[in-house]
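Residue numbers (my numbering): 1 to 250. Glycine included, every Cβ here is placed at the ideal spot set by N, Cα and C.
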């Protein structure tokens, strides 16, 4: 397989970390990729740092939003619209991929029923120290299984546009979860490499989402976005709540 992978990276004031993210794409053992970096009106040195990479490697392209969007959704959509590859992957500007990520994940797309491939990932400190915690996920999930809770780390997910077309982010909470659901709803499955292929940076200034807000949005996804009946929504919500409790105990 030698199909191109389009890597979408939204950036906003990421001067401290963006070089680590870009370098991790450059270090991939699979070389047929393009990196579409979309700046969301940064006010720091991010754009200058990125411009140096653009000048040195033609696979890296820089785009800009017209105005600050305040979320990664619009920058991701700009990247998706301009993507030329068969596969679309996401990497935030403060996270890192391990060198074999793309190569190992692309192998799993040989299965005709697979539209998404993801992996486990490791949490790292703000300073990049490893050994925090490894986040594992099931070997495979269907649409119905994914309704019980999002197990696909966005920094690990890749989807196949030849099978499902270009799928865009919806500008709302849990936009990555909604995107994965919309793909699997077409009847495909998502598969895990069952290995760690990415590092997720836990930022100290990150503010945890209000738990009530998260709960309400999960219910909103069931009822208003996925259009699931009340009884079925309750069934999935119970599974979601149980998984959330187990996650919080870890």
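Asked                                                                                                             : Found
Residue 25 beta carbon less than 8 angstroms from that of residue 65                                              : no
Neighbourhood of residue 218 by C-beta, 8 angstroms cutoff - its chain only, sequence neighbours within 5 removed : 174, 237 and 240
Cβ distance (whole Å) where residue 7 is taken to contact residue 98 below 8 angstroms                            : Rounded, the Cβ-Cβ distance is 14 angstroms, inconsistent with contact.
Reference residue 19, options 1, 48 and 34, closest by Cα                                                         : 48
6 angstroms CB neighbourhood of residue 298 in its chain, flanking five on each side removed                      : This structure gives no information on residue 298, because the portion of the chain shown stretches from 1 to 250.
Span of the beta strand (DSSP E) around residue 21                                                                : Taken as a continuous stretch (DSSP letters only), residue 21 belongs to no beta strand (DSSP E), being part of the alpha helix (DSSP H) at 18-26.
Cα-Cα separation between residue 198 and residue 230, rounded to whole angstroms                                  : 37 angstroms
Residue interval of the beta strand (DSSP E) (run including residue 193)                                          : 189-201
Rounded Cβ spacing between residue 104 and residue 195 (contact assumed at less than 8 angstroms)                 : 7 angstroms
Span of the alpha helix (DSSP H), counted from its first residue to its last, around residue 52                   : 46-56
Spatial distance of residue 157 from residue 243 (CA atoms)                                                       : 20 angstroms
Residue range of the alpha helix (DSSP H) that includes residue 144                                               : 143-146
CB contact flag (residue 1, residue 106, <8 angstroms)                                                            : yes
Whole-Å CB distance - residue 118 paired with residue 192, under 8 angstroms assumed                              : 6 angstroms
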